[in-house]
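Numbering (the numbering used here), first residue to last: 1 to 799. Note that CB positions come from ideal geometry on N, CA and C, so glycine has one too. Below is one structure, written out as structure tokens; comments come after it.
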Amino acid sequence: MALLVVAVLLSWGTWAGMRLRVVTDIRHFIPTEADRQLSEISAALADSSLTRTSVLLVEGERPVEAAKHLSAALQQHPEVEWLRTGLDETLESTVHELYFPRRVALVRADLTDEGLRRAAADLQRALAGPKGPLVRQLAPSDPLLLFTGFLQGLREGDGQALDLQDGQLVTAGGTAAAAENEHVVENENAAENENETAAVLFVRTRSSAFASEPQAAFQADLARMMDAVRAEVDGSATLHQSGLSRFAIAAERATVADVTRVSTISTISIILLFLVVFGQLRAIVLTYAPVVLGVGGGILGCSLLVEQVHGLTLAFGSALLGVGVDYAVHLMFHLGLRGERGAAEVVARVRPGLLLGAATTVVGLGGLGLTSFPGMRELALFGAVGVGGSLLVTLVLVPAFATRLPDRRAHRWVVGIARGILARVERFGARAWVVFVAIALSGAWGLYSLQWSDGLRALYEVDAELLAEDTRVRERTGAIDMSRMVLARGDDLPQALERNQQVFAAVDEAARSGDLAGYRSVQPWLPSTQWQQHNVQRWLEPGVRERFDAAFEAEGFRAGVFGQFFDELSSSPPQPLTMADLQGTVLEPLVEPFVLRLGGAEEGGPEGQGVVVVTWLRGDVPASLREAVQRIPGVELFDQQEFLDRAYGRYRIEMIQMLAVGLLAVLAIIFGYYRRWRPTLAAFLPAIAGALGAIGVTGGLEGSANLVHGASLLLVCSMGVDYGVFMVESRGELDEHAVTLASSILAGITTISSFGLLAMSDNPALASVGRSVAVGVLCALITTPVAATLRERREERAR
Numbered sequence: 001m002a003l004l005v006v007a008v009l010l011s012w013g014t015w016a017g018m019r020l021r022v023v024t025d026i027r028h029f030i031p032t033e034a035d036r037q038l039s040e041i042s043a044a045l046a047d048s049s050l051t052r053t054s055v056l057l058v059e060g061e062r063p064v065e066a067a068k069h070l071s072a073a074l075q076q077h078p079e080v081e082w083l084r085t086g087l088d089e090t091l092e093s094t095v096h097e098l099y100f101p102r103r104v105a106l107v108r109a110d111l112t113d114e115g116l117r118r119a120a121a122d123l124q125r126a127l128a129g130p131k132g133p134l135v136r137q138l139a140p141s142d143p144l145l146l147f148t149g150f151l152q153g154l155r156e157g158d159g160q161a162l163d164l165q166d167g168q169l170v171t172a173g174g175t176a177a178a179a180e181n182e183h184v185v186e187n188e189n190a191a192e193n194e195n196e197t198a199a200v201l202f203v204r205t206r207s208s209a210f211a212s213e214p215q216a217a218f219q220a221d222l223a224r225m226m227d228a229v230r231a232e233v234d235g236s237a238t239l240h241q242s243g244l245s246r247f248a249i250a251a252e253r254a255t256v257a258d259v260t261r262v263s264t265i266s267t268i269s270i271i272l273l274f275l276v277v278f279g280q281l282r283a284i285v286l287t288y289a290p291v292v293l294g295v296g297g298g299i300l301g302c303s304l305l306v307e308q309v310h311g312l313t314l315a316f317g318s319a320l321l322g323v324g325v326d327y328a329v330h331l332m333f334h335l336g337l338r339g340e341r342g343a344a345e346v347v348a349r350v351r352p353g354l355l356l357g358a359a360t361t362v363v364g365l366g367g368l369g370l371t372s373f374p375g376m377r378e379l380a381l382f383g384a385v386g387v388g389g390s391l392l393v394t395l396v397l398v399p400a401f402a403t404r405l406p407d408r409r410a411h412r413w414v415v416g417i418a419r420g421i422l423a424r425v426e427r428f429g430a431r432a433w434v435v436f437v438a439i440a441l442s443g444a445w446g447l448y449s450l451q452w453s454d455g456l457r458a459l460y461e462v463d464a465e466l467l468a469e470d471t472r473v474r475e476r477t478g479a480i481d482m483s484r485m486v487l488a489r490g491d492d493l494p495q496a497l498e499r500n501q502q503v504f505a506a507v508d509e510a511a512r513s514g515d516l517a518g519y520r521s522v523q524p525w526l527p528s529t530q531w532q533q534h535n536v537q538r539w540l541e542p543g544v545r546e547r548f549d550a551a552f553e554a555e556g557f558r559a560g561v562f563g564q565f566f567d568e569l570s571s572s573p574p575q576p577l578t579m580a581d582l583q584g585t586v587l588e589p590l591v592e593p594f595v596l597r598l599g600g601a602e603e604g605g606p607e608g609q610g611v612v613v614v615t616w617l618r619g620d621v622p623a624s625l626r627e628a629v630q631r632i633p634g635v636e637l638f639d640q641q642e643f644l645d646r647a648y649g650r651y652r653i654e655m656i657q658m659l660a661v662g663l664l665a666v667l668a669i670i671f672g673y674y675r676r677w678r679p680t681l682a683a684f685l686p687a688i689a690g691a692l693g694a695i696g697v698t699g700g701l702e703g704s705a706n707l708v709h710g711a712s713l714l715l716v717c718s719m720g721v722d723y724g725v726f727m728v729e730s731r732g733e734l735d736e737h738a739v740t741l742a743s744s745i746l747a748g749i750t751t752i753s754s755f756g757l758l759a760m761s762d763n764p765a766l767a768s769v770g771r772s773v774a775v776g777v778l779c780a781l782i783t784t785p786v787a788a789t790l791r792e793r794r795e796e797r798a799r
């Protein structure tokens, strides 16, 4: 029967594991309830085309040739979705084909008398300049040189632009403005070693920046490409990058290295410990079978309700299922030292405590399931199903095989230690409670000193070298940091573009006045339909043609020389440029980062939750711009990091509230089972002591905590309740109580050692969590025999 249950669970777990998709998408850990649309926008930005775009900076003695060799290799790479290295013939012809016929609509000309006279004088100077022959060809169809100004505006903006050298984008020396229509203020303090020309490439990958496996493979291929460049073109060539993918890869590698090191050392240590205590490998198998099969059960539960599970859910959920070790060790100790009793009788005596401990853990997880955090709801589901599976395996598998374990001296030695602890607690009497008082005081001090670090930044440590390189590349190329932006929302794209037109006016004014360091907007590439139509209509107003002729004749142009321009404009005015015109062209990737479609919205219709047009900002946002943005309907200033910090702060409060609700529910269940306060408190106080101990070490020593600390309190409290329930449920003489405490000591040592090793992690957040959990479980374990005296006194009075 036991083997049949194990086989069924293994089959189900394997089937579920094969069909379940494990993801590492950051969007899974973005709260959804505080502001649904902002949350969706933040999630869309996290995996947008812009986050998949990296800036490559090639330096060396022959950077242009090196960059061209590299770009040729990148174009053949299957992971590269889009690559921009300069202005090729296709890009130039597409821009001319789409924008030149619409030049009147795309550029707002100054049609006042003074503006027309100035335009006529500018045209005369251009005709007399070195580009006179070219201007002479363009002037009849574009007398105000609108298209020339349009191209110049795209390329330069307000600051220096990336230059072109032999068709390749290069830095202009010092800090340069971004290509692709970025306006940036010149940095006068650029380092001298950055004045040398470097080639610039923009690369967009097909995979998400947070998909570490394909991104790591692409980085390895990129390194090999650069080796080929150095071997064949320029031996001094170096590559510097700016992009999110490398940070994601570095964070995952560091975490995997930490977890692998800790888990390896922990596993070896625990195996040796169990071999010493039980003397057989069978004991190790029986101990970890509930955990392994519980994880399979959690995967099965998730697979039936969701299509994918996050990697962090598996990692933290598996740690949470470490309570399965408590169940197995507790039952194995009682079976191994059962004396004259049969195995069935021992299981019957121990089963109520195991059921109550598992029920309290599931209820505690239910509190997390009520939060608005997708990741925590998934963790609650995984943990609840997994704990149930661990309990089932413990009750079925352990009794079938643990009866054959030998009675070893080390086994009894641990029980002897537990017996001595219980004897000392009984001898100290009320004085033993000084332990709980000390833990409570440390918890109070920790809570007083504790500061919460909300947001994703508290969960990982940024690689300093990568950050320095990323910053340097961004400064030299003017790339956007994607943290601050203005969002123009609309039911459809035309409405969003109309609102974005007002945003562009406000942002451009702030940049020209020097209050804003720079910006990138889609407006030059895709103005609103209304704005384009208005520009055309201004040319067709009565009297414009006459005033135009008068201004140009005054500058020496023949009367009527531009008549054809007005005749064509009157007979067939240009149609507005739309997103549909750009789709499928080489210009679409340039516009795509500025447009976010929410909930499946399509151009021209109000499907889904609408469309958002993004204007990216550089540097601090002045108060004048904030006020201007607030006055535009459907528009708001959005700082993604501030939003996530606020959202995580709200969720942290919500999570703690749900943890408190879960603990109150656990207390109610224990009280409903015992119907007396003394055994209830005896079972519940170790969990409180564990939580206070964890808070004490976190607040008193670390000074700050994050979401993972909050979630780890559930693990500490679950194990504390298990220890307390097991002690309250133990019956009979001192020896049986000692066996129960011995099982808790051994289970606690495994947890403390595992998280104690995690405290040596290179990641400060993981190390802090390791310390808090290890100390919390230790505090719960220490107070378990003290809290059990409440039950003993009740029994003494009853006798």
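Query                                                                                                                      : Result
Short CB-CB distance (under 8 Å) between A691 and chain B                                                                  : The displayed structure is made up of one protein chain only, and chain B is not part of it.
R204, enclosing beta strand (DSSP E) - first and last residue                                                              : 199–205
Whether Q532 touches L577 by CB criterion (8 Å)                                                                            : yes
Inter-residue Cα distance where the pair is M485 and I782                                                                  : 52 Å
At least three beta-carbon pairs within less than 8 Å, the region 671–680 to the region 703–712                            : no
Backbone secondary structure at L667 - three-state DSSP                                                                    : helix
Backbone secondary structure at E182 - three-state DSSP                                                                    : In this prediction, E182 scores a pLDDT of 41, lower than 50, which makes its location untrustworthy; no coordinate-derived value is stated.
Nearest-angstrom Cβ-Cβ length linking I745 and V350, presumed shorter than 8 Å                                             : About 17 Å separates the two Cβ atoms, so there is no contact after all.
Local conformation of L520 per DSSP, three classes                                                                         : Before going on, a small fix: residue 520 reads as Arg here, not Leu. Of the three classes helix, strand and coil, the one that applies to R520 here is strand, per DSSP.
Through-space distance from A506 to V185, alpha-carbon basis                                                               : Reliability of the predicted coordinates at V185 is poor, the pLDDT of 36 falling under 50, and no value is obtained from them.
Inter-stretch contact at 8 Å, needing at least 3 Cβ pairs: the region 135–143 / the region 558–575                         : yes
Per DSSP, the bridge partner or partners of R409                                                                           : Note: R409 sits in no beta bridge, so no partner.
Burial state of K68, where buried means 16 or more other Cβ atoms lie within 10 Å                                          : buried
For E81, the first and last residue of its enclosing beta strand (DSSP E)                                                  : 80–84
Inter-residue Cα distance where the pair is S624 and A687                                                                  : 53 Å
Residues near F638 in its chain [Cβ-Cβ closer than 6 Å; skip 5 each side]                                                  : M485, L487
Beta-carbon contacts of W452 that lie in its chain and below 8 Å, excluding the five residues immediately before and after : G649, R652, S704, A705, N706
Boundaries (first-last residue) of the alpha helix (DSSP H) holding V170                                                   : From DSSP, V170 is part of no alpha helix (DSSP H) but of the beta strand (DSSP E) over 168–170.
Residues that DSSP places opposite Q241 in a beta bridge                                                                   : L56
Run of the beta strand (DSSP E) containing L596, from where it starts to where it stops                                    : 595–598
Identity of the residue in F202, S54, D735, G369 nearest A248 by Cα                                                        : S54
E378, buried or exposed, once every other Cβ within 10 Å from all chains shown has been counted against 16                 : buried
Distance between beta carbons of F684 and G619, contact taken as under 8 Å                                                 : Contact flag wrong, Cβ pair sits at about 53 Å.
C-beta atoms of L169 and G86 nearer than 8 Å                                                                               : yes
Cβ-Cβ distance between G837 and V362 below 8 Å                                                                             : Residue numbering for the chain in the displayed model covers 1 to 799; residue 837 lies beyond these limits and cannot be assessed.
Opening and closing residue of the alpha helix (DSSP H) in which W539 lies                                                 : 529–539
Alpha-carbon spacing of V739 relative to T750, whole angstroms                                                             : 17 Å
Neighbourhood of S207 by C-beta, 7 Å cutoff - its chain only, sequence neighbours within 5 removed                         : E79, P214, Q215
Short Cβ contact (8 Å threshold) for L57 with R520                                                                         : no
Residue range of the beta strand (DSSP E) that includes E636                                                               : 635–639
Straight-line gap, R797 to C779 (C-alpha atoms, nearest Å)                                                                 : Because the pLDDT at R797 is just 40, under 50, the model does not fix this residue reliably, and the value given afterwards should be weighed accordingly. Roughly 29 Å separates the two Cα atoms.
R474 versus V612 - alpha carbon distance                                                                                   : 25 Å
Nearest to F382 (by Cα), restricted to the options L293, I41, A550                                                         : L293
Inter-residue Cα distance where the pair is L596 and A119                                                                  : 38 Å
Residues that G490 bridges to, as DSSP identifies them                                                                     : V611
Distance between beta carbons of L715 and V666, contact taken as under 8 Å                                                 : No, V666 and L715 are not in contact; Cβ-Cβ is about 14 Å, not under 8 Å.
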